[in-house]
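J.:
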Amino acid sequence: MPRGVPIAEPRQHLFAAAERLIATAGPGQLTSRAVTGEAGVATGLLFAHFANFDDFLVGYAVDRSFQIAGTAAGLSARAGTGTIAENLSETMLATPLITLRGVTRLMACRPALAADVEAVLGTGSAALQSLERAAVDYLDAERRLGRLPAGVDTEALALAVVGVLHRVALIDGIDAEAHARIEHTVTALAEGFPAATS
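Here the sequence shown stands for residues 1 to 198, where the numbers follow full-length UniProt numbering.
1. Where residue 78 and residue 146 are concerned, what is the direct C-alpha to C-alpha distance, given to the nearest angstrom?
2. In whole angstroms, what separates the C-alpha of residue 110 from that of residue 102?
3. Using only CA atoms, which one of 63, 14 and 66 lies nearest to residue 42?
4. Tell me the start and end of each unbroken alpha helix (DSSP H) in the stretch 116-147 that is at least 4 residues and wholly inside, in chain order.
5. Output needed for residue 124: all residues of its chain with C-beta closer than 6 Å, excluding positions within five of it in sequence on either side, in chain order.
6. Cα separation between residue 57 and residue 118?
7. Do three or more CB pairs link the stretch 168-177 to the stretch 72-87 at distances below 8 Å?
8. Taking all protein chains shown into account, do 16 or more other C-beta atoms lie within 10 angstroms of the C-beta of residue 129, making it buried, or fewer, making it exposed?
9. What residue range is occupied by the uninterrupted alpha helix (DSSP H) comprising residue 158?
10. Among the residues of its own chain, which have a CB less than 8 Å from the CB of residue 136, if the five just before and after it don't count?
11. Around the C-beta of residue 31, are 16 or more other C-beta atoms found within 10 angstroms, so that it is buried, or is it exposed?
12. Classify residue 54: buried if its beta carbon has 16 or more other beta carbons within 10 angstroms, exposed otherwise.
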């Protein structure tokens, strides 16, 4: 993008650039110069919107965690409709894989960011945590409706489903094949219904 051209949403433009860098080079390569270079803007743009680079990273982690929480918010309302596997898969994959990879890798590299996100969005809101909580609530609702056996360990199932998403986002690609692997595995887990341990 040529310098001097107005950007409608500069913060989102910079976040998207950081996300691309994390996906391709890893979070260890993030610097203000690398992000603005990827974004095709002057370095000053980042510092016009953020106090420093750490503030930028917190802003990114909060924004993406909020986005993920938004995709998870309606999951419980789907209880009793469609199939459990479809409802889980669609919610887990509602956020683009590049975003899941970006925020997951960044927070694995900088675990202190979780506390910064929670300071803004509340406990259990950092990265994929909101997906796990939403999955537990949804599975509990399905169990109450009788669409899951009474002995199903909903917390273990939710953890396994989100763990698949976390593993693929952290290590695998962000292409259609990765998307299909997540969907296939979530379906296999949902149809297996692990029972609670006594």
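For every residue, glycine included, the Cβ atom is placed at its ideal position computed from N, Cα and C.
T.: If we stick to the structure as given:
1. Going from the Cα of residue 78 to the Cα of residue 146 covers about 14 Å.
2. Going by the C-alpha atoms only, they are around 12 Å apart.
3. Comparing alpha-carbon positions, the option among 63, 14 and 66 lying closest to residue 42 turns out to be 14.
4. With a minimum length of 4 residues, the continuous alpha helix (DSSP H) runs that stay inside the stretch 116-147 are 129-144.
5. Cβ within range, chain order: 133.
6. The alpha-carbon separation between residue 57 and residue 118 amounts to approximately 14 Å.
7. No: the two stretches stay apart, fewer than three of their Cβ pairs being nearer than 8 Å.
8. Buried.
9. Start and end: 154-171.
10. So the list reads 154, 155 and 158, once near-sequence residues are dropped.
11. Burial call: exposed.
12. Under this definition residue 54 is an exposed residue.
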